[in-house]
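Reviewing the structure listed below.
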Amino acid sequence: AGALFTQRIKRYQLSTWALTIGAVTVLAFTLHTGVRFAQRQLEDSFLYWVNQFAWFQTDPNRAVTAIGSIGRLKLSDRIRVRVKAPLSTPLPIVLHEASYSKFNLGMWSLAHSVFVVVDPAVNTAVWNVGAENGVSEPIRTAKITIDHTRDVGVVPLPYGISRISGVEVIEVQRNQYGTTLIEALPGQLEYGVSWGSRDILHSPPTLADVRIPDNYSNVITQVAMEIGLQRGAPHAALAQVVEFFRNNYKYSLIQKDFYPGRTPLAHFLLQERKGHCEYFATATVLLLRHAGIPARYAVGYIVDEYSPLEKAFIARARHAHSWTEAFVDGRWTMIDTTPSEWYGLEQARASNWQYLQDLWSWLSNHYKRFRRTDHELFSDSLIWLVPPLVLLLLWRLRSRARSVVGDTQRLESAKQGEQGMDSDLYVLFRLLREKEFLLLPGDTLKTFLNRNVKPNIADVSLMRLIELHYRYRFATMGLSALERKELRAGSEKYCARLTTRG
1 AGALFTQRIK RYQLSTWALT IGAVTVLAFT LHTGVRFAQR QLEDSFLYWV
51 NQFAWFQTDP NRAVTAIGSI GRLKLSDRIR VRVKAPLSTP LPIVLHEASY
101 SKFNLGMWSL AHSVFVVVDP AVNTAVWNVG AENGVSEPIR TAKITIDHTR
151 DVGVVPLPYG ISRISGVEVI EVQRNQYGTT LIEALPGQLE YGVSWGSRDI
201 LHSPPTLADV RIPDNYSNVI TQVAMEIGLQ RGAPHAALAQ VVEFFRNNYK
251 YSLIQKDFYP GRTPLAHFLL QERKGHCEYF ATATVLLLRH AGIPARYAVG
301 YIVDEYSPLE KAFIARARHA HSWTEAFVDG RWTMIDTTPS EWYGLEQARA
351 SNWQYLQDLW SWLSNHYKRF RRTDHELFSD SLIWLVPPLV LLLLWRLRSR
401 ARSVVGDTQR LESAKQGEQG MDSDLYVLFR LLREKEFLLL PGDTLKTFLN
451 RNVKPNIADV SLMRLIELHY RYRFATMGLS ALERKELRAG SEKYCARLTT
501 RG
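With this note's numbering as the guide, the letters of the sequence shown map in order to residues 1 to 502.
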C-alpha cells in the first residue's frame, strides 16, 4: 500500500484513492475466497464421483484410514455387496474383510501375516475353511456377489464362517487374522457361504495386539484416567469404554481443523468428541489395550438394507464400517462403539439419484453375470428358443405361399393389360418416328398424331382411328371384327400417304 501511495496520480483526491484501494482489496479478497471455496467443492465432487464409479479393494496387509482428513467425508451410494439370503436371516449381517494390529499416523497394518492355501473337498467346489477351528454344522447359508477386480482379492465373509463354495472360485487362502483371499477371474464373482454362530475364529493374540504406539501413549493414558480404566477386570473395562463413547461422543462425517502439535486422534478424544467409525474403532482398540485387553482393528460391511429390485440384501460403499475385536475369556469378541445412529444418518444423506443408480447397477450386474454364464448352461437355455423359431419359420413359409399366389394373379392381370398392343395405329406411329417427327415430353399418342398428320384423308378420319385404337387397347369388350378391319384399313391409308410423300 505504501508503494502504491507514492505512485498514485496526484490529480485525484486522497479520499478517492483510498476508497478505490479499499474496494479493490475487498474485491480481491472476495474473489480469492470464492476461488478457494470452488476449488474445495470441485475436489470434493471429484473424489465423490471417483468413489461412486471406482472399486477400491481392501488391502489384506494395511488399511489407510481417513483419520485426519479435513472437511466432509464423501461416501458413495454404489452397491458393493449383494447377499442373497432368506428374509428370516437375523440383521444386521456383519461381513468381515480384514483385521489389523499395528497403528501409526492414520494407518493400520499387520506385524506378520501368513496366508495358507485351503484345500477343497475331494471332487467338489467346496472349501471347509472352519474345519481347523472345530466349527459345528452351519445353520445359515447365503450367496454373496461382489466386483472382483483382480485375480486374487479379499472377500467379505460373515463371522463364524465354516464353508465357501462356488464354481467360479479357483483357490482360497486365509491368514491367522481371518482375512480370506479368493482367486477367480476378474469381474462379477458369486460364491456361497455357510456359517453358524458369530464366533470370531482368529488366531490367539500376540504382543502386537497389546502394544500402544509411543506417540499415542499420553493421550490414551489421559482418557483412560478420565474413564477410570483398571487392569485385571476385562468385562468391567469393556463396559466402561462402551459407556464412555455412548455418553460423550457423537457420530459425524465432518472434521474441522485440529490444533498444531496434537494428533487427529488426540483431537477427536480430547477436543472434538465426534467423528466417524474409524476414530471410534481406533480409539477403542488403544483404550482396551491400555486396560490389558488384546484388541485388533477390523473392517468390513454392515448389511441391513433389502433391495426389492435386486431381491437381495445389499451393502453400499457408505455401509463400509470399522470396529474392534477384543480378546476376552479366551475368545475374540466384536466391539462396536460407533454410535448406533450412524447407519440412519448415512441413509438420510443418500443421493436423490440413488434409484437411478440402483437401476443402472442392477442392469450392469445382470449383464456381467450373463457374460460369465457357463456356455453349456447357456446352450441349454437356447433350446427354449427352438419352438418359437419353428413357428416363425412356418409362418414365413405360409406367407411366402400366399405371396406366390398373389404374384400369379398379378401376372395374369398384367397379361390382360397387354391387349391391344398389336393395334395397327402403332404402325403409323412408328413410321412417323422413323421419319424423325419430334416426340415432345408428355405427348400421348393422340396429341402426337394430331400435331403431325392431317385430320382427314379421303374418307378416313384420324379422330375415328384414335377412338377405335383406345377402345381396342383399353375397353373390356375390345372391337368387333368389322371395327378391327376399319382400324387396320384406315391406318394403312395413312401409312400409304406418308410413304408416297416420302
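All C-beta atoms in this analysis are idealised placements derived from N, C-alpha and C, irrespective of residue type, glycine included.
### Message
With three or more C-beta pairs closer than 8 Å as the rule, is the stretch 308-325 touching the stretch 269-278?
### Response
Verdict: yes, contact present.
### Query
What number of angstroms, rounded off, separates the C-alpha of residue 85 from the C-alpha of residue 174?
Here residue 85 refers to the residue found at position 85 of the sequence shown. Here residue 174 refers to the residue found at position 174 of the sequence shown. Rounded to the nearest angstrom, the gap between the Cα atoms of residue 85 and residue 174 is 24 Å.
### Task
Go ahead and label residue 142 buried or exposed: buried means 16 or more other beta carbons lie within 10 angstroms of its beta carbon, across all protein chains shown.
Locating residue 142 in the sequence shown gives position 142, where the first residue counts as 1. Buried, since its Cβ has 16 or more Cβ neighbours within 10 Å.
### Message
Taking 9 Å as the threshold (C-beta atoms), are residue 299 and residue 561 in contact?
### Response
Lying before the first or after the last residue shown, residue 561 is absent from the chain, which here runs from 1 to 502.
### Task
Pick helix, strand or coil for residue 506, following the three-state DSSP scheme.
Coverage of the chain is limited to positions 1 through 502, which leaves residue 506 absent and any answer about it impossible.
#### Entry: Straight-line gap, residue 176 to residue 160 (C-alpha atoms, nearest Å)
Looking up residue 176 in the sequence shown gives position 176. Looking up residue 160 in the sequence shown gives position 160. Going by the C-alpha atoms only, they are around 14 Å apart.
### Message
Let's test the definition: count the other Cβ atoms within 10 Å of the Cβ of residue 119 and tell me whether it reaches 16, buried, or not, exposed.
### Response
If you number the sequence shown from 1, residue 119 lands on position 119. Flag for residue 119 reads exposed.
### Query
Is residue 143 helix, strand or coil when you go by DSSP?
Working through the sequence shown from its first residue, we reach residue 143 at position 143. Residue 143 sits in a strand when the DSSP states are folded into three classes.
### Query
In chain order, which beta strand (DSSP E) runs of at least 3 residues are fully inside the stretch 246-315?
Here the runs fully enclosed are 295-303 and 305-307.
#### Entry: Enclosing alpha helix (DSSP H) for residue 225 [first to last residue]
Looking up residue 225 in the sequence shown gives position 225. Here the alpha helix (DSSP H) through residue 225 covers 214-227.
### Query
Within 10 angstroms of its Cβ, does residue 188 collect 16 or more other Cβ (buried), or is it exposed?
Here residue 188 corresponds to residue number 188 of the sequence shown, with the count starting at 1. With a 10 Å radius around the Cβ and a threshold of 16 neighbouring Cβ atoms, residue 188 comes out buried.
#### Entry: First and last residue of the uninterrupted alpha helix (DSSP H) at residue 84
Locating residue 84 in the sequence shown gives position 84, counting from the first residue. Segment 79-84 is the beta strand (DSSP E) holding residue 84; no alpha helix (DSSP H) there.
#### Entry: Exposed unless 16 or more other CB atoms sit within 10 angstroms - verdict on residue 290
The residue labelled residue 290 in the question sits at position 290 within the sequence shown. By the 10 Å Cβ count, residue 290 comes out buried.
### Query
What residue from 481, 206 and 465 has the CA that sits closest to residue 111's CA?
Taking the first residue of the sequence shown as position 1, residue 111 is located at position 111. Nearest in C-alpha terms to residue 111, of all of 481, 206 and 465, is 206.
### Task
Return the first residue and the last residue of the beta strand (DSSP E) that residue 332 is part of.
Residue 332 sits at position 332 when you count from the first residue of the sequence shown. Where residue 332 is concerned, the enclosing beta strand (DSSP E) stretches over 331-335.
### Message
On a Cα-Cα basis, can you pick out the residue from 498, 434, 421 and 431 that is closest to residue 475?
### Response
The sequence position of residue 475 within the sequence shown is 475, counting from 1. Its Cα nearest to that of residue 475, the residue 421 stands out among 498, 434, 421 and 431.
### Query
residue 93 bridges to which residues according to DSSP?
Translated into positions along the sequence shown, residue 93 becomes position 93. As computed with DSSP, residue 93 is found in a beta bridge with 303.
### Message
What would DSSP say about residue 387, mapped onto helix, strand or coil?
### Response
Sequence index remark: in the sequence shown, residue 387 carries index 387 (1-based). Here DSSP, grouped into helix, strand and coil, assigns residue 387 to helix.
### Best match in 67, 330 and 92 for proximity to residue 301 [C-alpha to C-alpha]
Indexing the sequence shown from 1 puts residue 301 at position 301. Out of 67, 330 and 92, 92 has the C-alpha closest to the C-alpha of residue 301.
### Task
Please state whether DSSP places residue 474 in a helix, a strand or coil.
Numbered from 1 along the sequence shown, position 474 holds the residue referred to as residue 474. Three-state DSSP puts residue 474 in a helix.
### Query
Which residues bound the alpha helix (DSSP H) around residue 342?
Position 342 of the sequence shown holds residue 342. For residue 342, the uninterrupted alpha helix (DSSP H) run begins and ends at 342-348, by DSSP.
### Task
Pick helix, strand or coil for residue 182, following the three-state DSSP scheme.
Taking the first residue of the sequence shown as position 1, residue 182 is located at position 182. Three-state result, residue 182: strand.
### Query
Does the separation of the CB atoms of residue 94 and residue 158 fall below 9 Å?
Sequence index remark: in the sequence shown, residue 94 carries index 94 (1-based). Sequence index remark: in the sequence shown, residue 158 carries index 158 (1-based). Yes.
### Message
For the alpha helix (DSSP H) containing residue 434, name the first residue and the last one.
### Response
For the purposes of this step, residue 434 is taken as residue 434 along the sequence shown, with counting starting at 1. Note, residue 434: alpha helix (DSSP H), 425-434.
### Query
If you count every other CB in all the chains shown that lies within 10 Å of the CB of residue 469, and 16 or more means buried, which is it?
As a first step, residue 469 is located in the sequence shown; it is residue number 469 there, counting from the start. Counting the other Cβ atoms within 10 Å of the Cβ of residue 469 gives 16 or more, which makes it buried.
### Query
Which value, in whole angstroms, describes the spacing of the CA atoms of residue 170 and residue 127?
Here the question's residue 170 lines up with position 170 in the sequence shown. Here the question's residue 127 lines up with position 127 in the sequence shown. Taking the straight line from one Cα to the other gives about 11 Å.
### Query
With burial defined as no fewer than 16 other Cβ atoms inside 10 Å of the residue's Cβ, what is the status of residue 387: buried or exposed?
Against the sequence shown, residue 387 aligns to sequence position 387. The residue in question, residue 387, is exposed, as its Cβ has fewer than 16 Cβ neighbours within 10 Å.
### Query
With 16 as the cutoff for other CB atoms within 10 Å, does residue 499 come out buried or exposed?
Position 499 of the sequence shown, counting from 1, holds the residue named residue 499. Classification for residue 499: exposed.
### Message
Given this structure, state the Cα-to-Cα distance separating residue 492 from residue 430, to the nearest angstrom.
### Response
Walking along the sequence shown from the start, residue 492 turns up at place 492. Walking along the sequence shown from the start, residue 430 turns up at place 430. Per the coordinates, the alpha-carbon of residue 492 lies some 13 Å from the alpha-carbon of residue 430.
### Task
Return the first residue and the last residue of the beta strand (DSSP E) that residue 174 is part of.
On the sequence shown, residue 174 is found 174 positions in, with the first residue counted as 1. Residue 174 -> beta strand (DSSP E) spans 171-174.
### Task
Pair every Cβ in the stretch 432-443 with every Cβ in the stretch 454-467, then say whether three or more of these pairs are closer than 8 Å.
Fewer than three Cβ pairs drawn from the stretch 432-443 and the stretch 454-467 lie within less than 8 Å of each other, which leaves the two stretches out of contact.
### Message
Rounding to the nearest angstrom, what Cα-Cα distance links residue 109 and residue 26 in this structure?
### Response
The residue given as residue 109 occupies position 109 in the sequence shown. The residue given as residue 26 occupies position 26 in the sequence shown. The straight-line gap from Cα to Cα measures roughly 49 Å.
### Query
In this structure, does DSSP put residue 440 in helix, strand or coil?
Stepping through the sequence shown from its first residue, residue 440 is reached at position 440. Three-state result, residue 440: coil.
#### Entry: Closest Cα partner of residue 179 within the set 35, 63, 360 and 465
Taking the first residue of the sequence shown as 1, we reach residue 179 at position 179. Nearest of 35, 63, 360 and 465 to residue 179, Cα basis: 63.
### Task
Indicate the three-state DSSP secondary structure (helix, strand or coil) for residue 148 in the structure shown.
Locating residue 148 in the sequence shown gives position 148, where the first residue counts as 1. Strand, per DSSP.
### Task
Compare the C-alpha of residue 140 against each of 464, 236 and 193 and name the closest.
For the purposes of this step, residue 140 is identified with residue 140 of the sequence shown, where counting begins at 1. That would be 193, whose Cα lies nearest to the Cα of residue 140.
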